[in-house]
Amino acid sequence: MLVVTTENVPGHQVVQVKGQVFGLVVRSRGIGGNMMAGIRSLVGGEIHEYTQMLEEARRHALDRLVSNAKMMGANAVLMMRFDSAEIGQTMSEIVAYGTAVVLDPPT
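Convert by adding 8 to the 1-based position in the sequence shown; the result is the number in my numbering.
Next up, the structure:
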């Protein structure tokens, strides 16, 4: 599955637009991770616990996006983007979204 952030793919033509596709993940750190992150926030710098959590969440959101695009019969996703939000004070939502399409073989 080709996933790109661009409107088109050089050498390919969109032959069918399947529609909007997304992958959604909501994650929360455990109490231990939140406590450690709180301590790190006092001294400043990168909070590795949250960085790791968000990297994993993005990967899972992208995997779900690809799975949903395949179910729609697409072979590519164009204009892929990530978005995120906080839910309460302990949860993060990550969504990957784009347009599922069928591309012809390269010319």
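C-beta atoms are modelled at their ideal positions from N, C-alpha and C, and glycine is treated no differently. All figures in this text were calculated on a predicted structure; none of them were measured in a lab.
Looking only at its own chain, which residues have a Cβ that is under 7 Å from the Cβ of E94, when we skip the five neighbours before and after it?
To locate residue 94, count along the sequence shown from 1; it is residue 86. Cβ neighbours of E94 beyond the five flanking positions: S100.
Can you say whether N116 is buried or exposed, counting buried as having 16 or more other CB atoms within 10 angstroms of its CB?
Nothing can be reported for residue 116, as the shown portion of the chain is limited to 9 through 115.
Measure the C-alpha to C-alpha separation of S36 and D91 and round it to an integer number of angstroms.
Position 28 of the sequence shown, counting from 1, holds the residue named residue 36. Position 83 of the sequence shown, counting from 1, holds the residue named residue 91. Near 16 Å, if we compare the C-alpha coordinates of D91 and S36.
Which of the three DSSP states, helix, strand or coil, is assigned to D112?
Counted from its first residue, the sequence shown places residue 112 at position 104. Here D112 sits in coil by DSSP.
For D91, which residues does DSSP report across the bridge?
Position 83 of the sequence shown, counted from the start, is the residue given in the question as residue 91. For D91, which the question treats as bridged, DSSP gives the partners V103.
Going by beta carbon distance, what residues of the same chain come within less than 6 Å of M88, once the five residues before and after it are set aside?
In the sequence shown, residue 88 corresponds to position 80, counting from 1. Answer for M88: V11, T13 and G106, listed in chain order.
Using the Cβ count rule (16 or more neighbours within 10 Å means buried), how would you classify M9?
Here residue 9 is taken as the residue at index 1 of the sequence shown, counted from 1. Label assigned to M9: exposed.
Using a 10 Å radius around the Cβ and a threshold of 16 neighbouring Cβ atoms, would you call M61 buried or exposed?
Counting from 1 along the sequence shown, the entry for residue 61 is found at position 53. So M61 ends up on the buried side.
Looking at the strands, I want to know which residues DSSP matches up with R35.
Numbered from 1 along the sequence shown, position 27 holds the residue referred to as residue 35. DSSP, once it has assigned bridges, lists S100 as partnering R35.
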